[in-house]
Each structure stands twice: as structure tokens, then as C-alpha cells.
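K.L.:
Quick one: structure below, then a few questions.
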Amino acid sequence: MKIIKHSGDIVDFDKSKLKISLLKSGANELLVDEVIETIEKKIYEGITTKSIYKLAFSLLKKSSNSHAARYNLRSAIELLGPAGFFFEKYISRLFLSEGYQTRINLTLQGKCISHEIDVMLKKEEVITMIECKFHAKREVNSDVKVPMYILSRFNDLKDKTHPIFSNNDKILKCKIITNNRFTTDAINFAMCSGLDLLSWDYPINNNLRTKIDNNNLYPITCLTTLSLSEKDKLLILDIIMVKEIINNSESLEKIGLSNSRIKNVLKEASELCKYI
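Here my numbering is used: position 131 in the sequence shown is 130, and no number is missing along the way.
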């Protein structure tokens, strides 16, 4: 059976890929097989992957909010827009949880011009500049022009000292992070030029998806027990990670949730982050 991807490409329906993505939600194999069986009865020639995702999400949610939330991860990251400011904050906190010092939204003077830097990292005296390439649409990939442009900015900054974590810091490394994917040319150019890349699925064993799942670093936008407007209110309150509301219901009270709603949200958050 042929299905239509986000990119518009027409491909064969691959049950094995669907099963892998469902298992990553934390659902057991029995539940996953039941979900797939139901989906196979409802799909048709020319159905979109988006429609299949929505069906799978609704079936998982009937079993467990946290399974659905984990399955919803990529879409949840796309909600950290529209301009990507919250995505930059999210990336900063992701690295903060890995033991880095972080700074966000700095303007630094290079040799030729000034540059706005999304995130700066420091660990073991190594300072890294990060450029975040956020995309609200899944079919948009970062091509070779992105690392070429970022390399020129890095080169303009790296030979000067800057007031970042102290008054005389030098930027030693550069990393580009996207919530989508890099093209093959972009990866090859970055590797050749000494730039680090992080995307949804690159590098294979330490990509954005695995970093999030391995350390339970889920964005607040994952939660299925909150509405879109409630998620936006929490982001404005600087609540970016699901972990930040566990054992702390004050932010949920501030956005007007009832005690019963707060209980449901905290239950989902705890199950998602495995704090039960």
C-alpha cells in the first residue's frame, strides 16, 4: 500500500518502521501490535503519514497519556515556535542538564561585524557557540548553505575574546542544531570544516531524539493533558521542561488549572519522566 510522506513523496507503508516508533513511546509489544492491527484495518491507498500518526496517537492516548506524549515528541518540539525562541531556551536547558554552563541570546562583536548568538556553552574550559535552526514544518531540511554561513560567522568571532562567561573568553567550537534534518551535503561540509551537528536523527547514537529520551528531557509541549493555550502560558512563565513542573504545582495554579486537572497533569508528567 502506498502512503504519502510529509515531503510529498509516495512510499510503501512500512509496518516495521511504525512498530519501532510506537515501541519508542514506552508501550509494550502487545499494545503496539494491537495498535498496528487497528491501523492496518483503517488505512487506505494514498493516506498521509500525518493521518497515520494522528490515528496512532489517539490509540496510544486511550491506553496511556505518557505513551502518547512520548510518541508526540517531534510534534511537541515543533510547538516551540513560531520563531524558535523557546526552542533556543529548550536547547540551553538540555545542555544545562548535561553539566554545561549556558548563556542565551548574546550579541558579540566579531572582527568584521557583530553577531547574534543563540546559545553559548561552557564545559571543561571549552566554549562552544550554538546556532539553532528551528523549523515549524517537518519537510524543511537544513542544506549545505547553513553550515557554510555559520562557518563564516564562527571564523569572524573565534580569534577575538568576548564577555560571555568571563570578560575574556575565546570561542573554540561551533555546533549547529536543528529539530529537523541536515542534507548529506550539509553533513559532509560540516565534518570537513570541523563543525558539530545535532539534528533529530544525527549523529546516529547521540541525536536530539536519543538525548531527550535517554535523559527524560521532554518539552512541556509534549503533555497531552494540557491545551495548546495552556502550554503557551507555561512557556511564557519560563516553564520549558516537563521535569520543571514535577513536585511543583504552582505554575499550573498560575495558569488557572483546577486541582483535579493539576493532579492529572502531574500524573502524566511523572509517568513521562519515570518519576513513579
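Just so you know, even glycine gets a beta-carbon here, dropped at the ideal spot from N, CA and C.
Between R180 and S198, how many whole angstroms is the CB-CB distance? I'm expecting something under 8 angstroms.
P.N.:
Taking the sequence shown and counting its residues from 1, the one referred to as residue 180 is at position 181. Taking the sequence shown and counting its residues from 1, the one referred to as residue 198 is at position 199. Indeed, because the Cβ distance is near 5 angstroms, the residues count as touching under 8 angstroms.
K.L.:
Looking at chain B, is there any beta carbon in it that lies within less than 8 angstroms of the beta carbon of K53?
P.N.:
Given the protein chain composition of this structure (a single chain), no chain B is represented.
K.L.:
Whose C-alpha, out of L194, L54 and H114, is nearest the C-alpha of Y70?
P.N.:
Here residue 70 refers to the residue found at position 71 when the sequence shown is read from its first residue. Nearest option by C-alpha distance: L54.
K.L.:
What residue from K253, C272 and L196 has the CA that sits closest to P218's CA?
P.N.:
Within the sequence shown, the letter at position 219 stands for residue 218. Closest option to P218, Cα to Cα, is C272.
K.L.:
By Cβ distance below 6 angstroms, which residues in the same chain neighbour S6 in space, the five residues on each side in sequence not counted?
P.N.:
Stepping through the sequence shown from its first residue, residue 6 is reached at position 7. Closer than 6 angstroms at the Cβ level, and outside the excluded window around S6, lie E138.
K.L.:
If I'm right that T48 touches I2 with Cβ under 8 angstroms, what's the distance once you round it to whole angstroms?
P.N.:
Residue numbering aside, residue 48 sits at position 49 when the sequence shown is read from its first letter. Residue numbering aside, residue 2 sits at position 3 when the sequence shown is read from its first letter. The Cβ separation is near 6 angstroms, so the contact holds.
K.L.:
Would you check if there are 3 or more beta carbon pairs closer than 8 angstroms linking the segment 117-128 to the segment 88-108?
P.N.:
Because the criterion of three Cβ pairs below 8 angstroms is met, the segment 117-128 and the segment 88-108 touch.
K.L.:
Does DSSP classify L277 as helix, strand or coil?
P.N.:
What the structure shows of the chain is the stretch from 0 to 275, and residue 277 is not part of that stretch, so it cannot be assessed.
K.L.:
Could you tell me how far apart the beta carbons of H114 and D155 are, in whole angstroms, since I believe they sit closer than 8 angstroms?
P.N.:
Residue numbering aside, residue 114 sits at position 115 when the sequence shown is read from its first letter. Residue numbering aside, residue 155 sits at position 156 when the sequence shown is read from its first letter. Sure, about 7 angstroms apart at Cβ, within 8 angstroms.
K.L.:
Apart from the five residues on each side of it in sequence, which residues of its chain come closer than 7 angstroms, Cβ to Cβ, to I235?
P.N.:
Here residue 235 refers to the residue found at position 236 of the sequence shown. Nothing listed; no residue qualifies.
K.L.:
Could you say if the segment 29-38 and the segment 72-90 meet the contact criterion of at least three C-beta pairs nearer than 8 angstroms?
P.N.:
Contact fails: fewer than three Cβ-Cβ distances are below 8 angstroms.
K.L.:
In chain order, what residues of the same chain lie with their CB nearer than 7 angstroms to the CB of I163, ignoring the 5 residues before and after it?
P.N.:
As a first step, residue 163 is located in the sequence shown; it is residue number 164 there, counting from the start. These residues qualify, in order along the chain: R102, L105, M119 and I126.
K.L.:
Nearest to I42 by alpha carbon, out of D13, K60 and E124?
P.N.:
Here residue 42 is taken as the residue at index 43 of the sequence shown, counted from 1. Considering only alpha carbons, the answer is D13.
K.L.:
Exposed or buried, which one is V10 when buried takes at least 16 other CB atoms within 10 Å?
P.N.:
Position 11 of the sequence shown, counting from 1, holds the residue named residue 10. The residue in question, V10, is exposed, as its Cβ has fewer than 16 Cβ neighbours within 10 Å.
K.L.:
Is it buried or exposed, Y148, if we count other Cβ atoms within 10 angstroms and call 16 or more buried?
P.N.:
Reading the sequence shown from its first residue, position 149 is the one you call residue 148. Classification for Y148: exposed.
K.L.:
Report the rounded CA-to-CA distance for K172 versus K61, giving the unit in angstroms.
P.N.:
Walking along the sequence shown from the start, residue 172 turns up at place 173. Walking along the sequence shown from the start, residue 61 turns up at place 62. So the two alpha carbons sit approximately 45 angstroms from each other.
K.L.:
Measure the alpha-carbon distance for I203 versus L251 and round it to whole angstroms.
P.N.:
Position 204 of the sequence shown, counted from the start, is the residue given in the question as residue 203. Position 252 of the sequence shown, counted from the start, is the residue given in the question as residue 251. If I take the Cα positions, the gap works out to 36 angstroms.
K.L.:
Which residue marks the beginning of the beta strand (DSSP E) containing H114, and which one marks its end?
P.N.:
If you number the sequence shown from 1, residue 114 lands on position 115. Segment S113 to K122, the beta strand (DSSP E) holding H114.
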